[in-house]
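In our numbering, the protein residues as written are 5 to 206. For each residue, glycine too, the CB sits at the ideal point set by N, CA and C. Right, one structure below, let's go through it.
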(Lines of atoms letter the chains of each structure in order from A and count residues from 1; the text may use other names and numbers.)
(Lines give C-alpha, C1' and ligand atoms only; values in the text may rest on other atoms or scores of the structure.)
Protein backbone atom coordinates (compact mmCIF):
# COMPACT_ATOMS: atom_id res chain seq x y z
CA UNK A 1 0.00 0.00 0.00
CA UNK A 2 1.35 3.42 -0.99
CA UNK A 3 1.78 6.37 1.34
CA UNK A 4 -1.11 8.21 -0.36
CA UNK A 5 -3.50 5.29 -0.75
CA UNK A 6 -7.07 6.58 -1.06
CA UNK A 7 -6.06 10.25 -0.95
CA UNK A 8 -7.51 12.86 -3.31
CA UNK A 9 -5.17 15.54 -4.65
CA UNK A 10 -5.36 18.67 -6.78
CA UNK A 11 -2.25 19.84 -8.61
CA UNK A 12 -2.34 23.16 -10.45
CA UNK A 13 0.11 23.46 -13.31
CA UNK A 14 -0.18 19.68 -13.37
CA UNK A 15 0.22 19.03 -17.09
CA UNK A 16 3.96 19.63 -17.35
CA UNK A 17 7.17 20.02 -15.39
CA UNK A 18 7.19 19.71 -11.62
CA UNK A 19 3.40 19.39 -11.48
CA UNK A 20 3.26 16.44 -13.86
CA UNK A 21 6.15 14.70 -12.09
CA UNK A 22 4.36 15.19 -8.77
CA UNK A 23 1.10 13.85 -10.21
CA UNK A 24 2.88 10.74 -11.43
CA UNK A 25 4.45 10.13 -8.03
CA UNK A 26 1.22 10.79 -6.15
CA UNK A 27 -0.58 8.23 -8.31
CA UNK A 28 2.21 5.70 -7.82
CA UNK A 29 1.68 6.15 -4.07
CA UNK A 30 -2.06 5.47 -4.40
CA UNK A 31 -3.67 8.90 -4.81
CA UNK A 32 -6.36 10.03 -7.25
CA UNK A 33 -5.21 13.30 -8.83
CA UNK A 34 -7.01 16.20 -10.50
CA UNK A 35 -4.58 18.14 -12.68
CA UNK A 36 -5.45 21.73 -13.58
CA UNK A 37 -3.97 23.90 -16.30
CA UNK A 38 -4.63 26.21 -19.22
CA UNK A 39 -3.55 24.10 -22.18
CA UNK A 40 -6.01 21.38 -23.13
CA UNK A 41 -3.56 19.55 -25.39
CA UNK A 42 -0.97 19.29 -22.62
CA UNK A 43 -3.61 18.16 -20.12
CA UNK A 44 -4.88 15.48 -22.48
CA UNK A 45 -1.36 14.15 -23.03
CA UNK A 46 -0.72 14.12 -19.29
CA UNK A 47 -3.89 12.14 -18.55
CA UNK A 48 -2.94 9.54 -21.15
CA UNK A 49 0.45 9.21 -19.47
CA UNK A 50 -0.88 9.23 -15.90
CA UNK A 51 -3.66 6.72 -16.42
CA UNK A 52 -7.13 6.15 -14.93
CA UNK A 53 -6.40 7.75 -11.56
CA UNK A 54 -6.02 11.20 -13.11
CA UNK A 55 -8.60 13.73 -14.25
CA UNK A 56 -7.93 17.00 -16.07
CA UNK A 57 -9.77 20.28 -15.60
CA UNK A 58 -8.95 23.20 -17.89
CA UNK A 59 -8.61 26.71 -16.53
CA UNK A 60 -6.40 29.43 -15.10
CA UNK A 61 -5.56 29.95 -11.43
CA UNK A 62 -5.90 33.68 -12.04
CA UNK A 63 -9.61 33.20 -12.85
CA UNK A 64 -11.76 32.56 -9.78
CA UNK A 65 -14.60 31.12 -11.88
CA UNK A 66 -12.20 28.52 -13.29
CA UNK A 67 -11.12 27.55 -9.78
CA UNK A 68 -14.77 27.25 -8.76
CA UNK A 69 -15.29 24.81 -11.64
CA UNK A 70 -12.25 22.81 -10.55
CA UNK A 71 -13.47 22.34 -7.00
CA UNK A 72 -17.04 21.68 -8.13
CA UNK A 73 -15.62 18.81 -10.20
CA UNK A 74 -13.64 17.50 -7.23
CA UNK A 75 -16.71 17.65 -4.98
CA UNK A 76 -18.98 16.00 -7.55
CA UNK A 77 -16.62 13.14 -8.33
CA UNK A 78 -14.80 12.52 -5.05
CA UNK A 79 -16.55 14.51 -2.34
CA UNK A 80 -13.49 15.52 -0.34
CA UNK A 81 -9.92 16.68 -0.84
CA UNK A 82 -6.75 15.71 1.02
CA UNK A 83 -3.90 17.45 -0.80
CA UNK A 84 -3.63 20.77 -2.64
CA UNK A 85 -0.41 21.37 -4.53
CA UNK A 86 -0.53 25.02 -5.66
CA UNK A 87 2.16 24.67 -8.28
CA UNK A 88 1.02 26.84 -11.22
CA UNK A 89 3.49 29.61 -11.89
CA UNK A 90 4.44 32.33 -14.35
CA UNK A 91 7.59 34.31 -14.89
CA UNK A 92 9.72 35.88 -17.57
CA UNK A 93 13.02 37.69 -17.73
CA UNK A 94 12.95 41.50 -17.78
CA UNK A 95 15.67 43.79 -16.43
CA UNK A 96 14.64 46.60 -14.10
CA UNK A 97 14.61 49.26 -16.81
CA UNK A 98 12.13 47.32 -18.97
CA UNK A 99 9.59 46.14 -16.37
CA UNK A 100 6.00 47.07 -17.26
CA UNK A 101 2.76 47.13 -15.28
CA UNK A 102 1.45 44.34 -17.51
CA UNK A 103 4.47 42.18 -16.67
CA UNK A 104 3.96 42.69 -12.94
CA UNK A 105 0.21 42.03 -13.15
CA UNK A 106 0.65 38.82 -15.13
CA UNK A 107 3.29 37.48 -12.74
CA UNK A 108 1.45 38.36 -9.52
CA UNK A 109 -1.97 37.31 -10.84
CA UNK A 110 -0.68 33.77 -11.30
CA UNK A 111 1.92 33.38 -8.58
CA UNK A 112 0.30 35.29 -5.72
CA UNK A 113 -3.41 35.84 -6.42
CA UNK A 114 -3.65 32.42 -8.06
CA UNK A 115 -1.97 30.70 -5.13
CA UNK A 116 -4.19 32.45 -2.59
CA UNK A 117 -7.46 31.51 -4.28
CA UNK A 118 -6.32 28.01 -5.19
CA UNK A 119 -5.90 27.34 -1.48
CA UNK A 120 -8.80 29.40 -0.15
CA UNK A 121 -11.34 27.71 -2.41
CA UNK A 122 -10.03 24.24 -1.51
CA UNK A 123 -10.54 24.65 2.24
CA UNK A 124 -14.27 23.74 2.37
CA UNK A 125 -13.38 20.29 0.97
CA UNK A 126 -10.47 19.67 3.33
CA UNK A 127 -10.31 18.32 6.87
CA UNK A 128 -7.86 17.09 9.49
CA UNK A 129 -4.80 15.47 8.01
CA UNK A 130 -5.00 17.66 4.91
CA UNK A 131 -1.87 19.00 3.24
CA UNK A 132 -1.26 22.26 1.38
CA UNK A 133 1.93 22.45 -0.69
CA UNK A 134 3.08 25.63 -2.41
CA UNK A 135 5.74 25.92 -5.08
CA UNK A 136 8.10 28.73 -4.21
CA UNK A 137 11.58 29.22 -5.63
CA UNK A 138 15.13 29.78 -4.46
CA UNK A 139 14.73 33.12 -6.26
CA UNK A 140 12.25 34.07 -3.54
CA UNK A 141 15.06 34.19 -0.98
CA UNK A 142 18.15 35.04 -3.03
CA UNK A 143 16.69 37.02 -5.93
CA UNK A 144 17.68 36.45 -9.56
CA UNK A 145 19.05 38.93 -12.10
CA UNK A 146 16.35 40.25 -14.47
CA UNK A 147 13.62 38.37 -12.54
CA UNK A 148 12.47 41.14 -10.18
CA UNK A 149 8.72 40.49 -10.41
CA UNK A 150 9.14 36.72 -10.34
CA UNK A 151 11.50 36.78 -7.36
CA UNK A 152 9.21 39.13 -5.44
CA UNK A 153 6.17 36.97 -6.18
CA UNK A 154 7.94 33.86 -4.91
CA UNK A 155 9.02 35.69 -1.75
CA UNK A 156 5.32 36.39 -1.25
CA UNK A 157 4.50 32.69 -1.70
CA UNK A 158 7.05 31.78 0.96
CA UNK A 159 5.41 34.18 3.38
CA UNK A 160 1.93 32.94 2.51
CA UNK A 161 3.02 29.52 3.76
CA UNK A 162 4.29 30.99 7.02
CA UNK A 163 1.11 32.98 7.54
CA UNK A 164 -1.26 30.13 6.68
CA UNK A 165 0.54 27.77 9.04
CA UNK A 166 -0.60 30.16 11.77
CA UNK A 167 -4.06 30.77 10.30
CA UNK A 168 -4.76 27.02 10.12
CA UNK A 169 -3.52 26.10 13.58
CA UNK A 170 -5.94 23.67 15.18
CA UNK A 171 -7.46 22.51 11.89
CA UNK A 172 -5.06 19.62 11.36
CA UNK A 173 -4.10 20.96 7.92
CA UNK A 174 -0.36 21.28 7.19
CA UNK A 175 1.19 23.98 5.02
CA UNK A 176 4.60 23.62 3.37
CA UNK A 177 6.47 25.45 0.63
CA UNK A 178 8.97 23.93 -1.79
CA UNK A 179 11.75 26.23 -3.01
CA UNK A 180 13.49 24.50 -5.93
CA UNK A 181 16.49 25.95 -7.65
CA UNK A 182 17.11 25.77 -11.39
CA UNK A 183 14.73 23.20 -12.91
CA UNK A 184 14.41 22.33 -16.61
CA UNK A 185 10.66 22.96 -16.88
CA UNK A 186 8.66 24.39 -19.79
CA UNK A 187 8.24 27.59 -17.76
CA UNK A 188 12.00 28.01 -17.47
CA UNK A 189 12.50 27.39 -21.19
CA UNK A 190 9.80 29.89 -22.15
CA UNK A 191 11.11 32.49 -19.69
CA UNK A 192 14.71 32.31 -20.88
CA UNK A 193 14.43 31.46 -24.57
CA UNK A 194 17.94 31.00 -25.91
CA UNK A 195 19.34 31.14 -22.37
CA UNK A 196 17.27 28.13 -21.27
CA UNK A 197 20.35 25.97 -20.88
CA UNK A 198 21.79 28.27 -18.27
CA UNK A 199 20.87 27.96 -14.55
CA UNK A 200 17.61 29.82 -13.93
CA UNK A 201 14.82 30.11 -11.37
CA UNK A 202 11.95 27.60 -11.34
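Query                                                                                                               : Result
For residue 87, three-class secondary structure by DSSP                                                             : strand
CA nearest to the CA of residue 41, picked from 174, 90, 141                                                        : 90
Rounded C-alpha distance that separates residue 7 from residue 22                                                   : 19 angstroms
Segment contact flag, the region 122–136 with the region 101–109, C-beta cutoff 8 angstroms, min 3 pairs            : no
Limits of the beta strand (DSSP E) - the one that residue 59 falls within                                           : 58–62
Buried or exposed (CB count within 10 angstroms, at least 16 for buried), residue 24                                : buried
Classification of residue 11 by the beta-carbon crowding that lies within 10 angstroms, buried from 16 upward       : buried
Under 8 angstroms between C-beta atoms of residue 112 and residue 157                                               : yes
Within 8 angstroms, strictly: CB atoms of residue 54 and residue 28                                                 : yes
Runs of alpha helix (DSSP H) wholly within the region 145–189 (minimum 4 residues, chain order)                     : 152–171
Rounded Cβ spacing between residue 31 and residue 18 (contact assumed at less than 8 angstroms)                     : 11 angstroms between Cβ atoms; not a contact.
Assigned secondary structure, residue 139 (DSSP; H/G/I helix, E/B strand, else coil)                                : strand
Distance between beta carbons of residue 181 and residue 140, contact taken as under 8 angstroms                    : 5 angstroms
Cβ neighbours of residue 282 in the same chain (closer than 6 angstroms, five flanking residues each side left out) : For the chain, the structure presents residues 5 to 206; residue 282 sits outside this window and is missing.
C-beta atoms of residue 185 and residue 142 nearer than 8 angstroms                                                 : yes
Beta-carbon proximity of residue 137 to residue 177, cut-off 8 angstroms                                            : no
Unbroken stretches of the beta strand (DSSP E), 3 residues or longer, contained in the region 62–129                : 87–90
N-terminal and C-terminal residue of the alpha helix (DSSP H) that residue 46 is part of                            : 44–54
Straight-line gap, residue 167 to residue 85 (C-alpha atoms, nearest Å)                                             : 21 angstroms
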